[in-house]
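K.L.:
Below is one structure. I have some questions about it.
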């Protein structure tokens, strides 16, 4: 294994430095936006046959019907007794 030693008297080639880089404001904004993870705008509502079918199925076009009235339960054995009583009166 050879070890290279640095000699102060040795002629060394000048090291080329890269030119300085200028970053514009636009590049800074672009990089900041990309790093921040800006979300995409929401997708438009789906259209097509399936959506139309779904909307027709769940939307009512007619006005709502009035509520059903509550009628008390009628028992058959009471009706038979009432009918027998009426027949007896005749």
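Numbering (the UniProt record's numbering), first residue to last: 1 to 90. Note that CB positions come from ideal geometry on N, CA and C, so glycine has one too.
Roughly how many whole angstroms lie between the Cα atoms of residue 85 and residue 77?
P.N.:
Between residue 85 and residue 77, the C-alpha separation is close to 12 angstroms.
K.L.:
For residue 21, which residues of its own chain have a beta-carbon under 6 angstroms away from its beta-carbon, when the five flanking residues on both sides are left out?
P.N.:
For residue 21, where only same-chain residues beyond five positions count, there are no Cβ hits under 6 angstroms.
K.L.:
Relative to the alpha-carbon of residue 36, which residue among 28, 42 and 68 has its alpha-carbon at the smallest distance?
P.N.:
Among 28, 42 and 68, the Cα nearest to that of residue 36 is on 28.
K.L.:
What separation, rounded to the nearest whole angstrom, lies between the Cα atoms of residue 61 and residue 26?
P.N.:
Rounded to the nearest angstrom, the two C-alpha atoms are 53 angstroms apart.
K.L.:
Ordered along the chain, which non-local residues of its own chain (more than five positions away) have a Cβ less than 6 angstroms from that of residue 87?
P.N.:
Excluding sequence neighbours, residue 87 sits near nothing in its chain.
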